[in-house]
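Below is one structure, written out as structure tokens; comments come after it.
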Amino acid sequence: MTRRSCAIYATGILCAHLLIVGIALVVAQVFQTMIYNRLKKELTLTEASRVFESWKNPPPPVYMEYYFFNVTNPEVFLAGGKAAVTQIGPYTYREYRPRENVTFLENGTKVYALNPKSFVFVPEKSRGNPEVDILRTVNIPAVAVMNELNSYSFLLRTFVSMWMNSIGVEIFMTRTVHEVLWGFKDPLLSKIHAMKPEVDEMFGLMWKKNGTDEGEFVFLTGERDYMEYGRIDTWNGLTEMSWWSSNQSNMINGTDGSVFHPLLSRKELLYIFAADLCRSIHLGYVEDVEVKGIPAYRFAPPHDVLQSPKENPTNAGFCVPAGDCLGTGVLKVSVCREGAPIVVSFPHFYQADAMYVNAVEGLSPNKEEHETYLDLNPTTGVPIRACKRAQLNIILNRVPGFPKTKHLNVTIFPIMFVNETATIDDDSATQMRTLLLIVTLVSNFPLLIVGMGAILLVVFVLLVCRSRQKKTAKDETAYTQVSDKPEVEPSENNHTNQPMRNGSYIAMSPVEAQKC
């Protein structure tokens with residue numbers, strides 16, 4: 001057997017083996033299953049120290065941008081007109097949120113942690129100085145007192161109203177942004193504190209929230225099921241809440257929004273428990289995006305999250321008392337926060353009923369600036385970029401016995417909104433891209449084998465065809481044997497005039513071409 005034949009046979013055998021093995025691996029998904037099982041195992045808090053450290057001390061910087069609505073015509077509003085506001089800010093703070101007192105429970109299947117948050121002002125990312133800028137907004141302590149007395153007798157409300165007027169309490173107050181945000185000694189609360197020491201005399205939207213946590217969390221580590229990675233098991237010892245009016249609404253679903261299980265699907269709904277909203281919300285897939293070269297799925301709360309029960313009956317459980325419901329796009333959370341009638345929404349009443357937007361002049365909701373979303377890498381479930389946006393509002397209405405409210409139109413009045421943002425840092429992005437490249441190469445290795453087999457198949461076919469062509473060309477010419485007979489002597493009967501020849505004579509004669 002010639003070397004050419006050996007090369008052809010070797011190429012054919014190698015081609016066949018590569019194609020058979022490659023196709024078998026593709027069909028069986030051996031490498032995909034292997035890499036996915038590895039991901040499922042490593043992306044648990046107990047198996048991967050790097051993942052655990054990232055969960056314990058999140059590397060991406062988190063920024064809190066606070067925007068406030070400054071009231072420009074309080075007199076008009078108190079007289080029954082439409083309030084006008086202008087947006088000021090942002091006042092940006094860097095948020096630090098390490099997890100502390102981390103303790104693994106039940107053989108590593110659960111982990112206990114506190115998540116204290118602290119804030120540091122970042123002037124270069126802010127527009128204005130919070131300690132200098134003046135803000136006119138709703139006097140929330142005064143509204144809280146009026147709301148608390150709404151169920152008492154008219155005589156008592158009238159007496160309290162006269163007392164409040166005597167100490168100069170108004171429905172609107174003027175303070176610095178820093179005071180409204182981080183706290184000040186309120187004159188009304190100070191008077192009440194003297195009579196009831198359990199009432200705090202300080203007020204601020206973020207009062208006692210700098211350096212404090214949102215409660216005790218127990219998370220599932222994903223040790224038993226990777227789909228449970230990061231899911232909240234209990235919050236403050238509770239597996240469900242009690243202040244809403246249905247069992248479904250009281251459920252504590254999902255993670256805290258900082259981690260999600262790996263191998264995400266576009267078809268699934270992701271659940272997040274938001275302690276500041278006192279409820280769980282779900283997010284649905286929106287589109288594919290790319291952040292710093294990392295592919296991601298964008299998830300955002302769909303329109304039905306804050307729909308009115310008329311449009312989405314499952315939201316009836318968030319009406320407290322049962323049947324006392326607001327419209328689409330707003331949620332009353334005063335049931336879990338004592339005091340003022342607080343309502344949350346998306347900024348500028350984005351996705352809310354038009355009546356809330358039109359009730360206040362100066363609002364302009366839009367998707368780009370006011371939508372909440374999460375960009376998650378589908379392979380690892382790691383958040384690549386996040387924007388959590390929420391607005392704080394208060395219900396203003398007429399309270400009998402308080403003459404200053406007699407002309408008010410019922411309004412859900414905007415106070416401020418926050419834009420909480422985080423984007424993966426460059427070092428983490430580089431590590432993520434490397435990890436995803438390795439995952440892609442390993443999971444697609446069977447396809448590489450099939451591709452090599454296909455290339456060798458082409459080479460094999462070309463070699464066979466070329467070998468056939470050479471054989472055909474060779475067979476088109478035949479050679480006669482060299483004659484060993486003596487030359488024929490010339491004779492008289494030989495009428496042909498052939499010359500005499502010395503030596504042997506080689507004759508070439510055409511023959512019929514051989515068929516393959």
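The numbers in the UniProt record's numbering rise by one with no breaks, and the one at position 257 of the sequence shown is 257. C-beta: ideal position from N, C-alpha, C; glycine also.
As assigned by DSSP and simplified to three states, the class of residue i
i: H407; result: coil
i: M162; result: helix
i: W182; result: helix
i: T235; result: Per the sequence presented here, residue 235 reads as Trp, with Thr not at that position. Note: W235 maps to strand in three-state DSSP.
i: C15; result: helix
i: F68; result: strand
i: E240; result: strand
i: F349; result: helix
i: T103; result: strand
i: K292; result: coil
i: M227; result: helix
i: I281; result: strand
i: S308; result: coil
i: R157; result: helix
i: A340; result: coil
i: A194; result: helix
i: R266; result: coil
i: T221; result: coil
i: F260; result: coil
i: A300; result: strand
Limits of the unbroken beta strand (DSSP E) element including residue i
i: P61; result: Unbroken run through P61: none, as it is neither H nor E.
i: K110; result: K110 to L114
i: K388; result: P383 to L396
i: P90; result: A83 to Y96
i: Y271; result: L270 to A274
i: H330; result: A small correction: the amino acid at residue 330 is Val; His does not occupy that position in the sequence shown. Where V330 is concerned, the enclosing beta strand (DSSP E) stretches over V330 to K332.
i: S151; result: Segment: none, S151 is in no beta strand (DSSP E) and carries neither H nor E.
i: V120; result: S118 to F121
i: T174; result: F172 to T176
i: D375; result: Y373 to L376
6 Å CB neighbourhood of residue i in its chain, flanking five on each side removed
i: R231; result: L220 and T255
i: E228; result: L220 and G222
i: E216; result: N236
i: N494; result: In this prediction, N494 has a pLDDT of 49, which is less than 50 and means its spatial position is unreliable; what the coordinates show is noted afterwards. Closer than 6 Å at Cβ, skipping near neighbours: no residue.
i: W182; result: G204 and M206
i: V62; result: E95 and A422
i: H282; result: L269 and Y271
i: M241; result: N250
i: M508; result: Only weak support is given to the placement of M508: the predicted model assigns it a pLDDT of 48, under 50, and the question is left unresolved by the model.
i: K292; result: A429
Sequence-distant residues of its chain with Cβ nearer than 7 Å to residue i (five each side left out)
i: F154; result: P400 and G401
i: N150; result: V399
i: P116; result: E100, G211, T212 and D213
i: P59; result: D425 and S428
i: T72; result: A84, V85 and T86
i: L462; result: none
Test item: CB-CB of residue i and residue j under 8 Å
i: A340; j: V143; result: yes
i: F77; j: R136; result: no
i: G284; j: A300; result: yes
i: Y91; j: S118; result: no
i: E361; j: A79; result: no
i: Y373; j: V286; result: yes
i: V343; j: I412; result: yes
i: D375; j: R433; result: no
i: M64; j: V330; result: no
Closest residue to residue i among the options (Cα-Cα distance)
i: C278; options: V333, I13 and E361; result: V333
i: E214; options: L205, N236, G204 and H193; result: N236
i: F68; options: R266, P61, H348 and L441; result: H348
i: I88; options: V177, N107, T109 and R94; result: V177
i: N393; options: T103, F318 and V138; result: V138
i: D233; options: Y112, E124, W163 and K82; result: Y112
i: G257; options: C319, T379, K388 and S245; result: K388
i: R337; options: V132, E65 and E148; result: E148
i: V169; options: V120, V458, P403 and D276; result: P403
Residue range of the unbroken alpha helix (DSSP H) whose run includes residue i
i: E214; result: It is not in any alpha helix (DSSP H) - E214 carries neither H nor E in the DSSP assignment.
i: A144; result: I140 to E148
i: P74; result: P74 to L78
i: E369; result: K367 to H370
i: Y356; result: A354 to N358
Other residues of its chain near residue i: CB distance less than 8 Å, five sequence neighbours each side excluded
i: G327; result: S308, A352, D353, M355 and Y356
i: V259; result: W55, Y229, G230, G381, V382 and P383
i: I167; result: P187, L188 and K191
i: K406; result: R398
i: S280; result: M251, I252, N253, G254, Y271, I272, F273 and A274
i: K267; result: Y285
Interface flag, residue i vs chain C, CB-CB below 8 Å
i: L283; result: Protein chain content of the structure displayed is limited to a single chain, and chain C is not contained in it.
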